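Structure first, commentary second.
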Amino acid sequence: MLKSILSPALLLILLLTTSSGHAQTDSLPSLMHRERTTSIVRVLSEYIQHPSESGNERRAGEFLRELCRENGLHITQMGDENGNFNFAASIRPLHLNLPNIIFLNHIDVVPPGDPAAWTHHPYSGQVTDTEVWGRGAFDNKGAGMMQLAGISAIREQYEHAEVPYNVTFLAVSCEETQCEGGARYVVRHHLTELNPAVVIGEGPPALRGVLQRYPERDIFGISVAHKRALWIKLESTVHTSGHGSITPIKYSNKEMVRSLHQLLRRKQPAIFTDLNVDILRQLGTLEQGITGFVLRHPRLFRGLIVPKLRKQPEIFALFSNTITLTDLDNHNGVVNVVPTSTAALLDCRLLPHASSEKFLARLRRKLRNDSIKLTVIKEMPEMDPSTEHTVFYRLLAATILERYPDSHVSKIFVPNFSDDGIFRSHGIPAYSSIPVKIDRSYLEHLHNVDERIPISILAEGSAAYAAFVRECMEEAMAGETRTVASH
Ligand SMILES: [Zn+2]
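Taking my numbering, the leading residue of the sequence shown gets -12, the next gets one more, and so forth.
In structure tokens, the structure reads:
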């Protein structure tokens, strides 16, 4: 049934970007623009209509795989069942073993919650004049469609050329739950075959209002690292009389509440690392006057900077190991029974180089209660941030600046984890960025009701990805030509 839905759209992107070299979507004749965008919109809508909550990716995955096949990409399956449905779709067969520019995306979505709370049903893929609606519209199906459209344009452009890089669309399962069958499985069993030179994964779009000096300017953050999850379960068990009419001296709820209070009442210390200090310095170079000077010397002005950082939890998260109490439960639900056990879940996020052991020892001390049992549910390994001193970082930044001349690009890292880190922990440079401008209000709907994506950014993002790959190809080919000529 599915025809090559994306191809006409991609051809147009290709024509546009090669002829102008600058791909301003506004300059397109309106009909072409409409046609191109319509195709991406249609496929995205259909993709959303295949629900794919983590662990149930297969149907959506098969749809996506077919789409890639029909767009002329070479498919390599890397797991074929729910929770483990992953595939690579590449412009050249993987067995050629070319260094590979990998675009990583995930098929799974988080559950939509109560569908009645949504304006349009979460799996309707509703298309309005300006938006595509539904769970996954941005995270990560919309972003995936931008990648796929970009890669397909590249495939067509270089169809008959000898290319220095392969380019792969790598779609994986259960990123949201970080299960073993997704990116971890792919890296464990197919890393050599994939031969990644760089991984481009999901990351922040442009942010506005970051700079005091230029509040109207967009900052495109390219994330080179993320914090590590350390998920903990605390259990307090106290055997006691069960009737609520008599208050025991010690009981599990009270023990737990008291310990949690000890743990959470004090602020987490600010930690300056090479990475976060570097980010402040970069911002400092973009600011002027005192603000700029202070930011350029973060360690010197620590006393001034930290209280400011604390006021913005999303920023302070990059300067601290965080502890968030996300669940408190005693399986009770009745008012006149004293339960014997109480459990709490703590979502802790550690800076890339923080020691888990030291963190856990400190946490244990702060609880001030040795009878509380502490279990680590999930722990991500320490990982090195990717260096920004690669040709890929340079060309990604240059591509963004060329397409959005009034913006800035900054190296950043993010508090939430993604699959990019799994590649990073194998020493592969991984950069997380979605090179589009989007109003901040849209981001509030990610993992929330009424997720949607503006239609206008779909073509914008795919053209930016394509331009980046084209830069990589051209630079490598120019290098080869120079080498040949000098012999
Ligand atoms: Zn995501």
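Even for Gly, the Cβ is constructed at its ideal location relative to N, Cα and C. Bear in mind that the values here come from a model prediction, so they are computed numbers and not experimental data.
A check of alpha carbon separations from S223 across V30, G320, A331, S210 identifies A331 as the nearest.
H230 sits exposed, since fewer than 16 C-beta atoms from the chains shown fall within 10 Å of its C-beta. Annotated three-state conformation of D261 is helix, per DSSP. Comparing alpha-carbon positions, the option among A170, A446, M464, G466 lying closest to S139 turns out to be A446.
The DSSP-derived three-state label of R215 is strand. In the structure shown, Q134 adopts helical secondary structure according to DSSP, grouped into three states.
Counting only runs that start and end inside the stretch 343 to 401, the alpha helix (DSSP H) elements of at least 4 residues fall at 343 to 354, 378 to 390. Bounds of the alpha helix (DSSP H) holding E301 are 300 to 303. Annotation note: the stretch 285 to 324 contains the following uninterrupted alpha helix (DSSP H) runs of length 4 or greater, listed N- to C-terminal: 289 to 297, 300 to 303. Distances between the C-beta of N182 and the heavy atoms of ligand 1 are all 6 Å or more.
Taking one beta carbon from each stretch, the stretch 377 to 388 and the stretch 141 to 153 have fewer than 3 pairs nearer than 8 Å; the two do not touch. Residue pairing by DSSP leaves A454 without any beta bridge partner. Residue pairing by DSSP puts V114 in a beta bridge opposite V119.
The stretch 401 to 417 makes contact with the stretch 363 to 371, as at least three CB pairs between them are under 8 Å. Counting along the chain, V154 sits inside no alpha helix (DSSP H); it lies in the beta strand (DSSP E) bounded by residues 153 to 159.
In the three-state reduction of the DSSP assignment, G414 falls in the coil class.
Using a Cβ distance threshold of 7 Å, R355 and Q249 count as a contacting pair. Taking the Cβ of D407 as the reference point, every heavy atom of ligand 1 lies at 6 Å or farther away. Spanning the alpha carbons of S449 and K220 requires a straight line of approximately 42 Å. By the C-beta density criterion, H213 is buried, having at least 16 other C-beta atoms within 10 angstroms. Here DSSP, grouped into helix, strand and coil, assigns C459 to helix.
Judged by the Cβ position, D126 qualifies as a neighbour of ligand 1 at the 6 Å threshold, a heavy atom of the ligand being closer than this. Membership of V174 in the alpha helix (DSSP H) is indicated by the continuous run 170 to 181.
Each of T468, G129, R439, D393 was checked against the Cα of L273, and the nearest Cα belongs to D393. Boundaries for A103: no alpha helix (DSSP H) harbours it, and the DSSP string shows neither H nor E there. Collapsing the DSSP output to three states places R79 in coil. The shortest CA-to-CA distance from N87 to any of V96, A76, D95, I94 is the one to A76. Rounded to the nearest angstrom, the gap between the Cα atoms of L91 and L157 is 5 Å. Beta-bridge annotation (DSSP): K220 is paired with L332, T362. Going by DSSP, E242 is part of the alpha helix (DSSP H) stretching over 239 to 252.
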